[in-house]
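Inspection log for the structure reproduced underneath, given as structure tokens.
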Amino acid sequence: MGAQRLGLFLVLTLLGLALPEFSGVAEGYNRPPARKNLDVPSDTDPDSNSPEQVHISLVGEDKMRVSWTTKNPSPATVEYGTSPGAYSSSATGSTTSYSYLLYHSGEFHHVDIGPLNANTVYYYRCGSSPGPEFSFKTPPAAFPLTFAVAGDLGQTEWTNETLQHISKSPYDVLLLPGDLSYADFKQNLWDSFGRLVQPLASQRPWMVTEGNHEVEKIPVVHSEPFTAYNARWRMPFEQSGSESNLYYSFNVAGVHVIMLGSYTDFDPASLQYKWLQTDLAKVDRGRTPWVVVLIHAPWYNSNEAHQGESESIDMKSSMEELLYKGRVDLVFAGHVHAYERFTRVYKDKADDCGPVHITIGDGGNREGLATKYEEPKPAISMFREASFGHGQLQVVNGTHALWTWRTNQDDNETVASDSIWLTSLLATPACKK
Ligand SMILES: *[C@@H]1O[C@H](CO)[C@@H](O)[C@H](O)[C@H]1NC(C)=O
Ligand SMILES: *[C@@H]1O[C@H](CO)[C@@H](O)[C@H](O)[C@H]1NC(C)=O
Ligand SMILES: *[C@@H]1O[C@H](CO)[C@@H](O)[C@H](O)[C@H]1NC(C)=O
Ligand SMILES: [Fe+2]
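Residues -28 to -1, 1 to 405 (mature numbering (1 follows the signal peptide of the UniProt record, and there is no 0)) make up the sequence shown, in order.
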């Protein structure tokens, strides 16, 4: 090791010791002992250039983006069709890679395929050489539609339990309100997260937005934020007129989903604010009776964790009126490692025309649960509990949806910890615009 390399190595080691400071996690509340990250080894031959970390996302209403990694350059090609082993179509996309401190990534391929039929199983293969076959099912074109919702996943045994529960549930699309891998600057942990979620994320679209753990900016040595996140989890932002992978929207069946970015500018002069204004103005309630928003840091939260952060307070003051006037039905957040459901709310008061706010940051990451709540419980908070789990939103039709929160202890599929029928604002005449 030359003197320069040694110097860099020492600086990085020291930074490594200081890094938890950058993760932006407020302490001051008790968490159960943290659980270690799982070891998720590569199951492909180390000498091969096989596709790894395969995941898919919705691109427009009839296309799917297939994303995967190879160690070395290889064609960004996907072959696909509706029968196993018979690939009647193929498409080509683009490839990117990045460096982060001493880490050099593999090649990330993103290929949009389609047009595809709704509610149909497709079989596909990534890259040009004979490789493993994957399959996915496209969402239905109309109701009913089921979302799985899971935040702050990480990659511990808790995470694996959550994923096992989700994989046994019938869902069409997964929504993730931020904090994916908890790699926290260790880039190889982004790779192991990709391997951990592949069995699910290669079969159903995973639509994600960013949390604080995606930022991974280090003063001076790596000043660019979201490097790994943007290279690996490229969401369909161009399709909704967004200029950034950090916020976008999409339609699926009769639901308009808006993914907001809590860790980019959100003030009224920001591009994100202007984009949100335009996006809400374009919503056609005839086509998408439901409007659902995802953020990372909750605007409503009676847990002791993460109180007083700008991403909650300032983003709420900036954007809450837009969501209210846009008659948004539901807002999902993560960040707080626990579950909490509020009533319909606007400006801190119960309001029949405001969105229901739900914190679902209990996916299972290594930091553990946020177990302390402010007392007494605010009247607008309807249910709160610190347990690991995930949510399921079954949108039955244009007016009714069944929301259930399933903890990892809910072994009986018919008994959920929290369950409530929601009616869309479209069904509330007083809230019609
Ligand atoms: C996740 O859980 C499943 C089922 O218990 C198990 O087979 C699998 O090995 C676990 N994954 C990891 C990475 O530990
Ligand atoms: C929507 O679903 C709910 C719950 O199943 C049902 O009561 C209602 O009649 C349905 N509405 C329409 C228009 O089908
Ligand atoms: C699950 O809960 C339902 C409803 O309470 C009950 O009828 C059923 O027997 C339970 N199943 C098991 C396996 O405990
Ligand atoms: Fe977070």
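Here a beta-carbon is modelled for each residue, glycine too, at the ideal position from N, C-alpha and C.
Counted within 10 angstroms of its Cβ, other Cβ atoms place residue i as buried (16 or more) or exposed
i           : result
Ala402      : exposed
Leu365      : buried
Leu397      : buried
Pro192      : The amino acid at residue 192 is misidentified as Pro; the sequence shows Val. Label assigned to Val192: exposed.
Lys321      : exposed
Leu146      : buried
Gly(-1)     : Low confidence applies to Gly(-1): its pLDDT is 36, below 50, so where it sits in the model is not reliable, and the reading given next is rough at best. Exposed, since its Cβ has fewer than 16 Cβ neighbours within 10 Å.
Gln127      : buried
Glu312      : buried
Trp247      : buried
Trp393      : exposed
Asn273      : buried
residue 408 : Outside the displayed range of the chain (-28 to 405) lies residue 408, so it cannot be described from this structure.
Thr386      : exposed
Ser46       : buried
Lys8        : exposed
Leu74       : exposed
Asn160      : exposed
Asn57       : The sequence given here places Gly at residue 57; Asn does not occur at that position. Answer is exposed; the Cβ neighbour count stays below 16.
Arg299      : buried
Ile285      : exposed
His309      : buried
Ala373      : buried
His278      : buried
Glu346      : exposed
Gly99       : buried
Asp11       : exposed
Ser282      : exposed
Ser22       : buried
Glu196      : exposed
Gly183      : buried
Which of helix, strand or coil DSSP assigns to residue i
i           : result
residue 478 : This structure cannot speak to residue 478, because the chain is shown only from -28 to 405.
Cys403      : helix
Asn44       : coil
Phe238      : coil
Glu196      : coil
residue 477 : Absent from the structure is residue 477, since the part of the chain shown begins at -28 and ends at 405.
Tyr52       : strand
Asp84       : strand
Trp377      : strand
Lys109      : strand
Lys349      : coil
Glu188      : coil
Ile392      : strand
Thr118      : strand
Arg316      : strand
Asp25       : In the sequence as displayed, the identity of residue 25 is Gln instead of Asp. Gln25 falls in the strand class under three-state DSSP.
Leu302      : strand
Tyr59       : coil
Ser66       : strand
Lys8        : coil
Ser39       : strand
Ser20       : coil
Leu397      : helix
Phe165      : helix
Ala322      : strand
Ser71       : strand
Leu341      : coil
Cβ-heavy atom distance, residue i to ligand 1, below 8 Å
i      : result
Leu161 : no
Cβ-heavy atom distance, residue i to ligand 4, below 8 Å
i           : result
Ala122      : no
residue 409 : Nothing can be reported for residue 409: it is not among the residues displayed for the chain, which extend from -28 to 405.
Just to be sure I understand the criterion: a residue counts if its Cβ is closer than 7 Å to at least one heavy atom of ligand 2. Which residues meet that? Val368, Asn369, Gly370, Thr371 and His372
Counting by C-beta, which residues lie closer than 5 Å to a heavy atom of ligand 1, in chain order? Leu10, Val12 and Asn132
Could I get the ranges of all uninterrupted beta strand (DSSP E) runs contained in the stretch 215 to 291, with 3 residues as the minimum, in chain order? 220 to 224, 227 to 231 and 262 to 266
Please enumerate, following chain order, all residues with a beta carbon closer than 5 Å to at least one heavy atom belonging to ligand 4. Asp151, Gly183, Asn184 and His307
As an exercise, report each continuous alpha helix (DSSP H) stretch of at least 4 residues that is fully enclosed by the stretch 116 to 153, in chain order. 129 to 140
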